[in-house]
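Structure, as structure tokens:
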Amino acid sequence: MRMVDLIHKKREGHVLSSDEINFVIEGYTAGSIPDYQMSALLMAVCFQGMQEQEVADLTMAMTNSGDTIDLSDINGTKVDKHSTGGVGDKISLIVAPMVAAVGVPVAKMSGRGLGHTGGTVDKLESIPGFQIEMSKEQFIENVNQYKIALVGQSGNLTPADKKMYALRDVTATVESIPLIASSIMSKKIASGADAIVLDVKVGKGAFMKHIEDAKALASEMVRIGKNVGRNTVAVITDMNQPLGLEVGNANEVEEAIDVLKGKGPEDLRILALTISSHMAVLGGIYANYEEAYEAMEDIIHSGKALDTMKQFVEAQGGNAAIVDDTSLLPQAKYHQEVKAEADGYVTAIHAEEIGLSAMLLGAGRQTKEDNIDYAAGITLHKKVGDAVKRGDSLCVLHSNQEQMVDAINKAKQAYTIEEQQPEVTTYVHAVIQ
Ligand code: URA
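For the sequence shown, the numbering used here begins at 2 and goes up steadily by one.
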């Protein structure tokens, strides 16, 4: 087989066979296929697309390009959850204890963040003592005992995806639905998921800006799941403004705990109930979504989800007292309010600008080597649709750096205040299954 022939074949819009796709992925991972040939093939995929079977084959070839996690010693259906990324997204911290509390095993591998705020691992590490590293045996034991454990990514998972993503980034080939879908799904499958719930964000603060694109990506991932034997549901959710009221790390943990206590902002509560219900159905605990939704509401009201959170924190070495007393989480020394400069309604909050502001405060990494200030972040006092008067507090910035001018300016720019009250926003745009 010759790579040049496969590039030609795809360029002409023909379908690559499973053997041909394996040849490409194995060769590229091993280094026998050079970047320039892979770039040409990726560009051909961008123009010609891929058929359903090709995308499934590509996903499995990438999954098998490195280590895969074997979770077969864990009883039950392992349901993973993935978000395409958004500002203030602490949904994993909420849904993991919720579904674990009803018996779905949560064996989650999560990453650190690069950009506006930390990833799930960074957020959890803001809890004093919390350990995200443990042996595979300990991980499996914790899941079997408590139904929940979370570890940082380790090992050589999906090396083909790492290499291809870096190449796509510099060859203008990121925006291709089959390439994005196979990239995301291969990582989840390699981490041992039996079933997957995808939270596909759409809006100004999301990777997918338009609903049609989000639906196309979601449908492609659900199709991959069907073709490779991993039951998959995608929920398309709004990211036209940050999720919830807290953006950062420790403050996001606090807000997640609030939701587990039956409090917290409505958008976060509804999304957590929606995603956890789909996870519980895929986990085989409930017959349908409606039954699961009721059970998820109960699991919060009964305090069982909160108890599971405490157990989870304690099992991983963290100070579980933070659940009852969140003031034990890291607190920033300095706080600055950003005030409205006009009367009217908040009509938009640019999520990415809020994220960048949080990063400037120390809540996120600009480079992989940066340290995170867990106490840094932003608390939003006003969200889209809220009426404001000049001088009202829009948000408060928290940091251990006294100087916050750039972050204040970014946060101020993120808010749009207009005379006309905007239409009510929807939290969940569509569900694809
Ligand atoms: N996120 C991924 O993991 N992969 C892509 O290709 C795009 C976004």
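Using N, Cα and C, we set each Cβ at its ideal position, and we do this for glycine too. This one's a predicted model, so the numbers in the text were calculated from it and none came from an experiment.
Per-residue DSSP class, three states only, for Val152: Along the sequence shown, read from residue 1 onward, the residue named residue 152 stands at position 151. Val152: strand per DSSP, three-state reduction.
Contact under 7 Å by Cβ, Asp81 with Lys163: Walking along the sequence shown from the start, residue 81 turns up at place 80. Walking along the sequence shown from the start, residue 163 turns up at place 162. The answer is no: Cβ separation not under 7 Å.
Any non-hydrogen atom of the ligand URA closer than 6 Å to Ile197 Cβ: The residue given as residue 197 occupies position 196 in the sequence shown. For the ligand URA, not one heavy atom lies less than 6 Å from the Cβ of Ile197.
Backbone CA spacing between Lys14 and Ile185 [nearest angstrom]: Translated into the one-based positions of the sequence shown, residue 14 becomes position 13. Translated into the one-based positions of the sequence shown, residue 185 becomes position 184. The residue asked about is misnamed: residue 14 is Gly in this sequence, not Lys. Cα to Cα, the separation comes out at about 24 Å.
Beta carbon of Ile286 nearer than 7 Å to that of Gly104: Mapped onto the sequence shown, residue 286 falls at position 285. Mapped onto the sequence shown, residue 104 falls at position 103. Cβ distance < 7 Å, so Ile286 and Gly104 count as in contact.
Rounded Cβ spacing between Lys411 and Glu354 (contact assumed at less than 8 Å): Residue mapping note: residue 411 aligns to position 410 of the sequence shown, counting from 1. Residue mapping note: residue 354 aligns to position 353 of the sequence shown, counting from 1. Right, the Cβ-Cβ distance comes to about 5 Å (below 8 Å), so this counts as a contact.
CA-to-CA distance, Leu43 to Ala341, given in whole angstroms: The count along the sequence shown starts at 1 and reaches residue 341 at position 340. The count along the sequence shown starts at 1 and reaches residue 43 at position 42. Going by the C-alpha atoms only, they are around 47 Å apart.
Exposure label - His399; buried when at least 16 CB within 10 Å: Here residue 399 corresponds to residue number 398 of the sequence shown, with the count starting at 1. His399 comes out buried.
Beta-carbon gap between Val234 and Val198 smaller than 7 Å: For the purposes of this step, residue 234 is taken as the residue at position 233 of the sequence shown. For the purposes of this step, residue 198 is taken as the residue at position 197 of the sequence shown. In this structure, Val198 lies closer than 7 Å to Val234 by Cβ.
Gly230: first and last residue of the uninterrupted alpha helix (DSSP H) it sits in: The residue labelled residue 230 in the question sits at position 229 within the sequence shown. Run containing Gly230: none; DSSP gives neither H nor E here.
Contained beta strand (DSSP E) runs [length at least 3] in the region 384-425, N- to C-terminal order: 394-400, 416-419
Stretch pair the region 63-78 + the region 15-34: three plus CB contacts closer than 8 Å: yes
Rounded straight-line distance, which links the Cα of Arg12 to that of Asp6: Mapped onto the sequence shown, residue 6 falls at position 5. Mapped onto the sequence shown, residue 12 falls at position 11. If I take the Cα positions, the gap works out to 10 Å.
In chain order, each alpha helix (DSSP H) run of at least 4 residues that lies wholly inside the region 331-394: 352-362
Test item: CB-CB of Gly87 and Ala207 under 7 Å: Here the question's residue 87 lines up with position 86 in the sequence shown. Here the question's residue 207 lines up with position 206 in the sequence shown. Result yes, Cβ atoms of Gly87 and Ala207 sit closer than 7 Å.
Reference Val254, options Asp123, Thr172, Lys227, closest by Cα: Mapped onto the sequence shown, residue 254 falls at position 253. Comparing Cα positions, the closest option is Asp123.
Three-state class that DSSP yields for Val105 in the structure shown: Taking the first residue of the sequence shown as position 1, residue 105 is located at position 104. Val105 falls in the coil class under three-state DSSP.
Classification of Tyr147 by the beta-carbon crowding that lies within 10 angstroms, buried from 16 upward: Translated into positions along the sequence shown, residue 147 becomes position 146. Classification of Tyr147: buried, given that the 10 Å Cβ count is 16 or more.
Touching by the beta-carbon criterion (3+ pairs, under 8 Å), the region 214-222 and the region 285-303: no
Ile181 beta carbon near the ligand URA (any heavy atom closer than 6 Å): As a working note, residue 181 is residue 180 in the sequence shown. Checking every heavy atom of the ligand URA against the Cβ of Ile181, one is found closer than 6 Å.
Near the ligand URA: Ser93 beta-carbon under 6 Å from a heavy atom: For the purposes of this step, residue 93 is taken as residue 92 along the sequence shown, with counting starting at 1. Flag unset: Cβ of Ser93 not near the ligand URA.
Pick from Glu21, Ser18, Gln434, Met4 that is closest to Asn232, judged by C-alpha positions: Taking the sequence shown and counting its residues from 1, the one referred to as residue 232 is at position 231. Here the closest residue by C-alpha is Gln434.
Per DSSP, the bridge partner or partners of Lys210: On the sequence shown, position 209 is the one that residue 210 refers to. Answer is none; Lys210 lacks a bridge partner.
Ala296 versus Ser93: straight-line alpha-carbon distance, rounded: Counting from 1 along the sequence shown, the entry for residue 296 is found at position 295. Counting from 1 along the sequence shown, the entry for residue 93 is found at position 92. Distance between the alpha carbons of Ala296 and Ser93: 18 Å.
Option nearest Ser84 by Cα separation, candidates Ala293, Gly120, Thr78, Leu59: Taking the sequence shown and counting its residues from 1, the one referred to as residue 84 is at position 83. Comparing Cα positions, the closest option is Gly120.
Ile185 beta carbon near the ligand URA (any heavy atom closer than 6 Å): Counted from its first residue, the sequence shown places residue 185 at position 184. For the ligand URA, at least one heavy atom lies less than 6 Å from the Cβ of Ile185.
Cβ-based burial, Pro35 [other Cβ within 10 Å; buried from 16]: Indexing the sequence shown from 1 puts residue 35 at position 34. Answer is exposed; the Cβ neighbour count stays below 16.
Own chain, CB closer than 7 Å to Tyr416, minus 5 neighbours either side, in chain order: For the purposes of this step, residue 416 is taken as residue 415 along the sequence shown, with counting starting at 1. So the list reads Val347, Ile350, Leu395, once near-sequence residues are dropped.
Contacts around Leu158, its chain only, beta-carbon distance under 6 Å, and the 5 residues preceding and following it disregarded: To locate residue 158, count along the sequence shown from 1; it is residue 157. Answer for Leu158: Gly67, Asp68, Ala191, listed in chain order.
Inter-residue spacing [alpha-carbon to alpha-carbon] between Val96 and Ala388: Counted from its first residue, the sequence shown places residue 96 at position 95. Counted from its first residue, the sequence shown places residue 388 at position 387. For Val96 and Ala388, the distance between alpha carbons rounds to 31 Å.
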